[in-house]
Structure formats: structure tokens, C-alpha cells
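One structure is given below, encoded as C-alpha cells.
Residue numbers (this note's numbering): 123 to 589.
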């Protein structure tokens, strides 16, 4: 009897199944597409891998309590698969949804399956195709009892941090796992956008793709060490096999998305948590898709985008420090959202555990996470990393570089919206008195919404039209 069942044998499901088999666990896979089932058998030749021709056969081939993971597209397909499996399952069986499901859907499914006696784990999985095959970062949520039943397999197949610890841990109650993954993706959007803004400035300053590749490679050896900086260096070096041109120059400048960044922004708005760097990164992807409009408008408003009078050496240092500052703000905003959501939804998420799981295997893994972990180790009750003893001197040092980066970009007519949002977030958060008193006065003027005063307790209204 198989230890582990997989529904969905596309790229992710097939690779995850092979990873499980590599660690000595017998796997049975099911997909409605016969070609996908055949491919799993072919790639799993010599491994403890089998297939099922139907969901019923899959259930029959699994030892009890059954452990079945779903890696299918998020949405109605997940519900359809669960509905198909449910009549054949027994109390105590475990379902894992490893797709990018919305946390609200996961909450609903968790409650419904709990009523049926089925354990349900909503698990975020990061690392892409390679991570699924050789070790990803996994963020399971649900109930601790369910996690303990699957812990052995998940820890075996997870990515391993530099200290050897598996990058998987119980994130918290009900939908916590998918919520953490959603925020992970929001941070990912922000960091990718800020890297693209740095690229935009450096490219227009005359840096060749070869120079950019070397520069990002150098950065990856220092404080900017991260998966996204590493792959950016490789992207700039890649040649097109047909034309011999740099692939980066052949790619259409329209960034697509699957919606998880939008979900992050929506949740933050509902919870009154400011995450402007993530918000604007989502918006800039939408703006990039307006290619025809941008081309047309560029002819009306011609910018002088070339930057020829600046030395490359100081510019690259400015960009490095600006990106570092921006990345800190992206993580800061994401973590604050996690803390608020955990309290609001009773997830009981431990931020240090989240940081540990993100150290390897995932898209946002970076050296910065080590500093974040140390910050929470040093100050367990830390409210915001902006006030961390570790980050305060770094932020003070690098703020000037971000200002210079933004000034140079704006003078050249080059957008840097996410980087600007990072600076504005920091400056607003560290400003003791914001101009919001004027907004309150305006609200009271036109809508009698009242306001509070700085000199005495209570709620007040002014008759603004009277002398």
C-alpha cells in the first residue's frame, strides 16, 4: 500500500511525487489525463511509484489513514476534486491542498471537511518546478494534530536551510498556511518590481547586459544575496539560440500575474494594514500590460531617458543600497500584515517560524532573512522591524541612497513607483506628526465626521461656515 497519494500530475504534482519517492516513500499518483499518468511512470522508473486510473482506485491503493495531496489549479477545480474524493474517504484521512488557493476558500474547506471527520491542510508551496523536485519551502496550516501525521514526509522532501533544518513547519490554525504563502507572494511582487526599477535606471545609464549580469552577480555575494538577485544575473547573461541576441531584450515588457499579489493588497486594505510597496507593485504590472497605450503616449510626452553624465561606479552603489532599503521595507510590510492577520483570524502564526521556513527553497529567500530572524531573537516583542536594533543603523545609512536613486530616476523620466512607496512608507512611519489633521478637518467640514484633539479627550465638531 502506498504512503502518499497525489492528485494532479502536471509539472508540480509530478515533480513533488518523484521527490517523495526519492526519500523512500511509496507514491501513487492520479490524473484524469492518461498522458500525465504515463509520464509519471516513465520518470519514476525504478522508484516506488505507481498510478491509479481513477480517484476510487487511488483511495484503494493508499494505506490508512490516507494521505492525499492535491496539486491542481486553485478555485473550483479544488472543490470538484474534494467532492469526488470525499465519499470514498474515511474519518481520519488527510487531504493537503498544495496549490495557490485563496485563504478564504481554504477556511471554508477546512470547516466543511472537519465536519466530515477529514483532516484538511492548506499548504503554501514555494520554489517552482525545481523546488517541487528537489526541495521546496512549504507552509502548512490547519490543525497541529494533522500536521504531526504528515510531518515525517514533508520534512524529508522540504528544502534544507544552511544549518540543515527542513524549510517546513506548522504555520498556524485553519487557513494560516495559505495566508502566509499569499503574503510571501506579495513580498515577491514588491522585490521583483524594485529590481526592475533598478534595472531600468542602470540600463538607461548605459550599462550593458553583460555589465548588469556581472553587477548582480557581485551583489549576490554580499548583503543582497537572494534567489531573485541570483536569477537576475543569469537572465542578463542568457543568449537566444535562434538570433544570438540577449533574451532579455527580446521579451515583451508586459508583466503578467496570477492574482496572489492582488489578494495580498485586498486583505491588507480590509485589515487596515499599510503595504504601499506591495500595492503599487501590483498596479505597475497592470500598467505594464497597457503596451499599446504606452507606445502611443510616449510619442506625445517624449522623455530624455538617457543618463550620460553620471559615473557608473557611484551609481551602482546607490542602486545597491536603494534596493537593499526597499527590500527591507517589503519584508517589513509583509510581516506586519502577517502579525495583524494572525491576531484577527486567530491563526497563532509565529513570525520566527515563518522566517525560518523562508530561508531556503522559496522565491524570496535571502540573506536579509537571517537579519530578520536575529532581530526577533534579540527583541522577541518587536512591533516593527523599523525599530529593530539591528535595522535602525542600516536604514539610517541607506535612506540617502534611495533618495538619490529616486531623484536620478525622476530627473530622467523613469518610473520607480515601488521604490518611492518604500521611502514614503518609511518616512511616514517615522514622522511623529503627519498632515492627517488637515484631512480630518476637511472630513468634518463637508460631512460633520468629527475629530479628536491633541489637547483634550473627546470627539469634536466645528461649525466651519460660521465666523
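Where is the CB? At the ideal position from N, CA and C, for every residue including glycine.
8 Å Cβ cutoff met for residue i and residue j
i: residue 136; j: residue 289; result: no
i: residue 552; j: residue 566; result: no
i: residue 504; j: residue 495; result: no
i: residue 248; j: residue 483; result: yes
i: residue 275; j: residue 147; result: yes
i: residue 313; j: residue 350; result: yes
i: residue 387; j: residue 370; result: no
i: residue 272; j: residue 141; result: no
i: residue 307; j: residue 383; result: yes
i: residue 445; j: residue 320; result: yes
i: residue 473; j: residue 485; result: no
i: residue 266; j: residue 239; result: no
i: residue 395; j: residue 459; result: yes
i: residue 452; j: residue 389; result: no
i: residue 188; j: residue 215; result: yes
i: residue 152; j: residue 124; result: no
i: residue 556; j: residue 550; result: yes
i: residue 201; j: residue 169; result: no
i: residue 192; j: residue 130; result: yes
i: residue 558; j: residue 432; result: no
Own chain, CB closer than 6 Å to residue i, minus 5 neighbours either side, in chain order
i: residue 413; result: 376
i: residue 398; result: 543, 547
i: residue 294; result: 263, 469, 470, 471
i: residue 127; result: 150, 180, 184, 190
i: residue 253; result: 483
i: residue 352; result: 342
i: residue 379; result: 407
i: residue 348; result: 488
i: residue 300; result: 223, 225, 228, 244, 246
i: residue 158; result: 131
i: residue 82; result: Lying before the first or after the last residue shown, residue 82 is absent from the chain, which here runs from 123 to 589.
Three-state secondary structure assigned by DSSP to residue i
i: residue 293; result: coil
i: residue 128; result: strand
i: residue 361; result: strand
i: residue 548; result: helix
i: residue 573; result: strand
i: residue 355; result: helix
i: residue 531; result: helix
i: residue 488; result: strand
i: residue 329; result: coil
i: residue 348; result: strand
Residue environment, residue i, which counts as buried when at least 16 other CB atoms sit within 10 Å
i: residue 403; result: buried
i: residue 63; result: The structure shown has nothing for residue 63, since the chain only spans 123 to 589.
i: residue 479; result: buried
i: residue 229; result: buried
i: residue 373; result: exposed
i: residue 423; result: exposed
i: residue 270; result: exposed
i: residue 199; result: exposed
i: residue 510; result: buried
i: residue 466; result: exposed
i: residue 171; result: buried
i: residue 561; result: exposed
i: residue 237; result: exposed
i: residue 344; result: exposed
i: residue 160; result: exposed
i: residue 281; result: buried
i: residue 255; result: buried
i: residue 586; result: exposed
i: residue 391; result: exposed
Close-in-space but distant-in-sequence residues of the same chain around residue i (CB under 8 Å, 5 per side omitted)
i: residue 251; result: 133, 134, 137
i: residue 570; result: 583
i: residue 532; result: 538
i: residue 323; result: 429, 437, 441, 527, 530, 531, 534, 536, 538
i: residue 439; result: 523
i: residue 358; result: 331, 332, 334, 335, 338, 368, 370
i: residue 513; result: 450, 493, 497, 507
i: residue 284; result: 481, 482
i: residue 393; result: 459, 462, 463, 466
Sequence-distant residues of the same chain with beta carbon closer than 7 Å to residue i, five excluded per side
i: residue 297; result: 225, 228, 229, 232, 244, 263
i: residue 410; result: 375, 376, 377
i: residue 541; result: 316, 319, 444, 448, 524, 527, 528
i: residue 311; result: 383, 400, 403, 404
i: residue 581; result: 572, 574
i: residue 178; result: 210
i: residue 520; result: 443, 446, 447
Practice task
Note down, one range per segment and in chain order, each alpha helix (DSSP H) of at least 4 residues found wholly within the stretch 138-223.
Solution key: 156-165, 177-182, 198-207
Exercise for the section: Output the residue ranges of the alpha helix (DSSP H) runs that lie fully inside the stretch 223-311 and measure 4 residues or longer, sorted by chain position. Expected result: 225-237, 250-256, 266-279
Practice task
Pick out the complete alpha helix (DSSP H) segments inside the stretch 367-443, 4 residues or longer, and give them in chain order.
Solution key: 382-392, 398-410, 413-422
Problem - Secondary structure, alpha helix (DSSP H): runs of 4+ residues fully inside the stretch 450-525 - result: 473-479, 490-500
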